[in-house]
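There are 4 protein chains.
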Amino acid sequence: MAAGVQGIQSSVLSRAERKKAELRREIIDAAFECFAERGYHATAIADIAARVGIGHGTFYRYFENKRDIVEHVITDLLEKITDSLTADNAPNAVDTLQDYRVQSARIGEDLARIVTADPRVPRMLLLQAPGIDKDMGDRILGLFEYAMQLTSGYLAHGVSLGYLKEELDVDNTARAINGMMLGAIVAGLSRPDLDQRALASAIRGVMYDGISGSLTTPSP
Amino acid sequence: MAAGVQGIQSSVLSRAERKKAELRREIIDAAFECFAERGYHATAIADIAARVGIGHGTFYRYFENKRDIVEHVITDLLEKITDSLTADNAPNAVDTLQDYRVQSARIGEDLARIVTADPRVPRMLLLQAPGIDKDMGDRILGLFEYAMQLTSGYLAHGVSLGYLKEELDVDNTARAINGMMLGAIVAGLSRPDLDQRALASAIRGVMYDGISGSLTTPSP
Amino acid sequence: MAAGVQGIQSSVLSRAERKKAELRREIIDAAFECFAERGYHATAIADIAARVGIGHGTFYRYFENKRDIVEHVITDLLEKITDSLTADNAPNAVDTLQDYRVQSARIGEDLARIVTADPRVPRMLLLQAPGIDKDMGDRILGLFEYAMQLTSGYLAHGVSLGYLKEELDVDNTARAINGMMLGAIVAGLSRPDLDQRALASAIRGVMYDGISGSLTTPSP
Amino acid sequence: MAAGVQGIQSSVLSRAERKKAELRREIIDAAFECFAERGYHATAIADIAARVGIGHGTFYRYFENKRDIVEHVITDLLEKITDSLTADNAPNAVDTLQDYRVQSARIGEDLARIVTADPRVPRMLLLQAPGIDKDMGDRILGLFEYAMQLTSGYLAHGVSLGYLKEELDVDNTARAINGMMLGAIVAGLSRPDLDQRALASAIRGVMYDGISGSLTTPSP
DNA sequence: TATGAATGAGGCTTCATTCAT
DNA sequence: GATGAATGAAGCCTCATTCAT
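Chains as they are written, first to last, in our numbering: chain A, 1 to 220; chain B, 1001 to 1220; chain C, 2001 to 2220; chain D, 3001 to 3220.
Shown next, in the form of structure tokens:
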């Protein structure tokens, strides 16, 4: 009987909980839009509530305070990005340069798709978030560190298998490569019509072969 | 003798003017420190004034408003950086890959020195400034565009002289290269103790020769 | 029953709306008192709020800003005056001098009653309001113009029916007559104990018959 | 010898004093212009100083504070008006209605000339001054009382000589007559192009003979 | 004596947050 | 649970006045 009650209760609650979760979702989305478009400080809680169509007192039933919501907005964005990137990309393990090229091309394309699909995403993450406060700034900086570690792992794998340069300083090279990605996203922010495929191609060109002309001897 | 007096008057600012200029300078510096450390929105005019040791009303004798001072802070930072970069770097015209390597190494070192000497500079420019408002965000983004054009010019020069790859997409390659610089600065923000020389070296490695291992065939 | 509920809802304001309207009313009244007593510029929003017994932030939930409230104060005063004047005065159409005398006497008495009942009313309208800013000054001046037109209409009617002097310059005579009313109000401001009935009588004396002694020949 | 020194000193001082008096004069004029055009509260001391072309610190060597200067501005205006009015008008003593008509016509014309010549004068006295503070308001109201007494005196004189109505309530009639003048000035403020001669004529018409048509019996 | 740099009281306004309904 | 009315801390900015030069 307890199980039955439990079952009934849980199914009843789950309906209410689902609605609650949906509204949470809506608030996060609205907050994201406000923050990305107007900026964090220029956005009032009332703006977010109005966009959702709820009273602004209700907001506080779903989130602690303004700082809380922006935390969730960021977390949410990062989750979405992570999901997109890991959706059809093998988490690791490519064993030839050719496969690596393919995989990094795919990752680049995915990233390009994400930031092109909704420029408010990079705008929020790169322009707005870092200035919110020290903690948020550190969080964004931490992202870069994290991305560096991922890339570094790939590179180390490639070096150990011999399809990447033996002498590679993997961490710093990872920073360089990720920097190019960052540069691409930033470029997309000032030039929404930029041909991201061409840019990705140029990045891969530098990444694999550098810019030195064939007439010159390779650097020692 | 009249000429002498005239000379003094014209070449040297009057005492009052000098003092005024000095205080202006001090206010800009104090504002920079406040903004970089606490953030633009968390900084009150009173904070800046207190740091300088003046009444907050005095602030308004030197700057229109809060937006005005941050504009000057940014302008000032960019001027300093530009000055540092152009101080002993030939503005352009290098005709061999070797010279180009030397020059870009120097630029990289200069940049590294600037951001390492005072991490509040990149913190202000990259973390705080973009989120202040739309205009400031655009201004920072514009910087990247500007830097791209400079780099692109160098690259085009190198291509035309044959010491850089013939098929280079100079604009996008410039974005990639500048992205690596940006990545280096960002990395320095989260890791103040990072070995910038090693990072610069890794960047040059990628930049000139890429990461492909020698055993593999170059990309088609 | 649904109709009943509907009726209640539509005909009566909800409790919250009533309370809101009441508070609005209280704020306007308090502002009027502050402005009339201390003057517009000497009155802070906090003063008004304190008089109502609300936080000064609450004020801004009811009125845009200081300029907004004074606009409403004036509008409110004028409405009250207009209502009082038109309450039992036929809007127009009197066809004999006798009737005209009666009506203008009543208007004069009404006006006297209003300004005597609360001297802050003329104090606000005549002493404070004109100096608030250009717009408000113009608004008050506009009132005089409007009053002149009303009076002028009455006079023209009387002239056409022959119970007023044929050669009357109706607009300017209206200005003269209204000027006497204005003078009476102003006199009441410096002399609150002034016998307004006697003053009104003197005004009517001048108005209808002038001051010339009977021994002298009427002016040509 | 003392006399000689005295003489020298006084003549020397008088030069400096004259200059000082001139500057005082200029400051008063500038303040009048600022106050009348922008309003008392909207005018900063710096505005006045700038208009004169002196440092705003200098202002305080000539006047105690902002309240002090406006007091002088008003005093100065009233003096000018009084001077104009008493310039060629016999201070009193007219013994026939004819003379009285002539004199009051001249006074009216003088007044009209003054306020028409520089509309900032009535604007300052009637629109700005009363709202400055309680004292200034009282001062302006006091003016009307004073004017009433003057007019009343004239009327009493006329009554006693029989050329004005015997039963005249001289004080209140004076208020009525002065009210018409006030009305004329106010009308001139909203209508700068108003024909003041016609208005003056209408006022005299009411003043001497009233508006009653000849067909009706005079009021009892 | 003239100046204007410095000052801070004072006032407006916003908005995150609370809480009674 | 939802609401929005109320609140006051907080911050921007002005400007009358002082005073050292």
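Ideal Cβ positions, reconstructed from N, Cα and C, are used throughout, including at glycine.
| query | result |
| --- | --- |
| Interfacial residues, the segment 172-193 of chain A to chain B, with Cβ spacing under 8 Å | N172, T173, R175, A176, I177, N178, G179, M180, M181, L182, G183, A184, V186, A187, L189, S190 and R191 |
| Cutoff 6 Å; reference R3204 of chain D; Cβ partners in own chain excluding five residues on either side | none |
| Interface flag, G108 of chain A vs chain B, CB-CB below 8 Å | no |
| M2180 of chain C and G3179 of chain D closer than 8 Å at C-beta | yes |
| CA nearest to the CA of L2151 of chain C, picked from C:D2135, C:I2140, C:A2174 and C:G2142 | This sequence places Thr at residue 2151 of chain C; Leu is not what is there. If we check each option's Cα against that of T2151 of chain C, C:A2174 comes out closest. |
| DSSP three-state assignment for D2138 of chain C, whether helix, strand or coil | helix |
| A1002 of chain B at chain A interface by Cβ criterion, 8 Å | Only weak support is given to the placement of A1002 of chain B: the predicted model assigns it a pLDDT of 45, under 50, and the question is left unresolved by the model. |
| Distance, M2136 of chain C Cα to K80 of chain A Cα | 57 Å |
| Rounded Cβ spacing between G2039 of chain C and G3131 of chain D (contact assumed at less than 8 Å) | 6 Å |
| Identity of the residue in D:K3134, D:D3133, D:Q3128 and D:R3139 nearest K2134 of chain C by Cα | D:Q3128 |
| Buried versus exposed call for P2122 of chain C [16 or more other C-beta atoms within 10 Å across all chains shown] | buried |
| Helix, strand or coil at S3212 of chain D [DSSP, three-state] | strand |
| Option in A:D169, A:Q149, A:Y163 and A:Y62 with minimal Cα separation from G1213 of chain B | A:Y163 |
| Which of helix, strand or coil DSSP assigns to L182 of chain A | helix |
| Buried versus exposed call for D3068 of chain D [16 or more other C-beta atoms within 10 Å across all chains shown] | exposed |
| Neighbour list for F3059 of chain D in chain C, Cβ cutoff strictly below 8 Å | Correct list: empty, because the minimum Cβ distance to chain C is about 20 Å. |
| Under 8 Å by beta carbon: chain D residues contacting A2093 of chain C | Simply none; closest approach about 18 Å. |
| Proximity test, Cβ basis, 8 Å: S2219 of chain C and chain D | The pLDDT assigned to S2219 of chain C is 48, lower than 50, so where the model puts this residue is not dependable, and the model offers no usable value. |
| Residues from the segment 2197-2213 of chain C in contact with chain D, defined by Cβ distance under 9 Å | A2198, L2199, A2200, S2201, A2202, I2203, R2204, G2205, V2206, M2207, Y2208, D2209, G2210, I2211, S2212 and G2213 |
| Cα-Cα separation between A2030 of chain C and I2048 of chain C, rounded to whole angstroms | 6 Å |
| Chain-ordered neighbours of P2130 of chain C on chain D, where CB pairs are closer than 8 Å | L3126, L3127, Q3128, P3130 and G3131 |
| Any chain A beta carbon closer than 8 Å to G1053 of chain B | no |
| Selection from A:V170, A:Y154, A:T86 and A:L141 that minimises the alpha carbon distance to R101 of chain A | A:Y154 |
| Extent of the continuous alpha helix (DSSP H) run through F2063 of chain C | Taken as a continuous stretch (DSSP letters only), F2063 of chain C belongs to no alpha helix (DSSP H), as it is neither H nor E. |
| CB contact check: H41 of chain A to chain B, cutoff 8 Å | yes |
| Nearest-angstrom Cβ-Cβ length linking I27 of chain A and Y60 of chain A, presumed shorter than 8 Å | With a Cβ gap of about 11 Å, I27 of chain A and Y60 of chain A do not count as contacting. |
| Interface residues of the segment 1155-1169 of chain B facing chain A [CB-CB below 9 Å] | L1155, G1158, V1159, L1161, G1162, Y1163, L1164, K1165, E1166, E1167, L1168 and D1169 |
| Which listed residue (A:F35, A:Y208, A:V115 and A:P192) has its alpha carbon closest to that of R51 of chain A | A:F35 |
| Limits of the unbroken alpha helix (DSSP H) element including V2052 of chain C | I2045 to V2052 |
| N2172 of chain C and L3141 of chain D closer than 8 Å at C-beta | no |
| Short CB-CB distance (under 8 Å) between T2216 of chain C and chain D | Note that T2216 of chain C scores a pLDDT of 49, beneath 50, so its modelled location is shaky; the value from the coordinates is reported in the next line. Closer than 8 Å to some Cβ of chain D, the Cβ of T2216 of chain C qualifies, so yes. |
| Helix, strand or coil at L164 of chain A according to DSSP, with G and I counted as helix | strand |
| Inter-residue spacing [alpha-carbon to alpha-carbon] between D3169 of chain D and H3072 of chain D | 35 Å |
| Partner residues on chain B for F144 of chain A, Cβ-Cβ distance less than 8 Å | G1183, V1186, A1187 and S1190 |
| Alpha-carbon to alpha-carbon, L143 of chain A and I2045 of chain C | 48 Å |
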